[in-house]
Amino acid sequence: MLIGYARVSTDDQNLNLQRDALSKSGCEQIFEDKLSGAKSQRPGLQQLLEYARTDDTIVVWRLDRLSRSLKDLIEMVATLEAKGIALKSLQESIDTSSSSGKLIFHVFAALAEFERNLIRERTQAGLQAARARGRLGGRPKALSSDKQALAVRLYKEKQHTVKQICDMMGISKPTLYKYIEAARKLES
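Residue numbering for the sequence shown follows the working numbering, beginning at 91 and increasing consecutively.
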């Protein structure tokens, strides 16, 4: 069974072009959403995924109607493939029910993985270069080690409330408790 999915980003946009193309391609049922593809909760898409069965084919006018990023699209295709559901895009002429369509998607997946690996490698190289220059990265400490010791000492003296100590030092309660815990570990 061919099942269509149409989506526009706003209520001002019109679904007629997509509806017509999906109907013309033989879709027996069409699910629709009128909201941004960036939204993870798309009711029409959810209904479609619940409705579709093994050996069905989901038809979209363009791949960007189904997903906003290549990563999300590949995840969607993997989900559909696991359920035995094919995907067909009318504008890009891709059909994962055919061998060539599956090949194209595997090439897309490989390119996406390659891109992720490149980003990871660049990030690691940048971090190593920064460490070599003495920069450790991460969020700077709220207090110097002397002020951390003072905060812990004030806490142990029990003459001030936690709130008073935090207000005096300009830190949050979780930060104070983190310093206290670190001091306990050093004492052990």
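Note that the Cβ used here is the ideal one computed from N, Cα and C, for glycine as well.
(request) With DSSP as the reference, label Thr147 as helix, strand or coil. (result) Three-state result, Thr147: strand.
(request) From the DSSP output, read off the bridge partner residues of Ser179. (result) Residue pairing for Ser179: DSSP places it in a beta bridge opposite Val150 and Ile184.
(request) Starting from the N-terminal side, write out each stretch of the beta strand (DSSP E) that is 3 residues or longer and does not extend beyond the region 163 to 243. (result) With a minimum length of 3 residues, the continuous beta strand (DSSP E) runs that stay inside the region 163 to 243 are 176 to 179.
(request) Put Leu105 into one of helix, strand or coil per three-state DSSP. (result) Annotated three-state conformation of Leu105 is coil, per DSSP.
(request) With a cut-off of 8 angstroms on the beta carbons, I'd call Ile148 and Ile184 a contact; round off their distance for me. (result) Contact doesn't hold; Cβ gap of about 12 angstroms is too wide.
(request) Compute the distance between the beta-carbons of Leu138 and Tyr95, then report whether it is under 8 angstroms. (result) Contact check for Leu138 against Tyr95 passes: the beta carbons are separated by less than 8 angstroms.
(message) Suppose contacts are defined by Cβ-Cβ distances below 8 angstroms. Is Ile255 in contact with Tyr269 by that definition?
(response) Tyr269 is positioned such that its CB atom lies no closer than 8 angstroms to that of Ile255.
(request) Could you tell me which of Lys263, Asp236, Pro133 and Asp146 sits nearest to Cys117, measuring between CA atoms? (result) Restricting attention to Lys263, Asp236, Pro133 and Asp146, the CA atom closest to the CA of Cys117 is found in Asp146.
(request) Check Leu92 in the structure and name its three-state DSSP category. (result) The answer is strand: DSSP assigns Leu92 an E or B state.
(request) Given a cut-off of 8 angstroms, decide if Ala239 and Leu266 are closer than it, judged by their beta-carbon atoms. (result) For the pair Leu266 and Ala239, the CB atoms are not nearer than the 8 angstroms cut-off.
(message) Going by C-alpha to C-alpha distance, which of Ser235, Glu122, Ser115 and Lys114 sits closest to Gln103?
(response) When only C-alpha atoms are compared, the closest one is Glu122.
(request) Could you tell me the distance, in whole angstroms, from the CA atom of Ala199 to the CA atom of Ala220? (result) Approximately 32 angstroms, taken between the alpha carbons.
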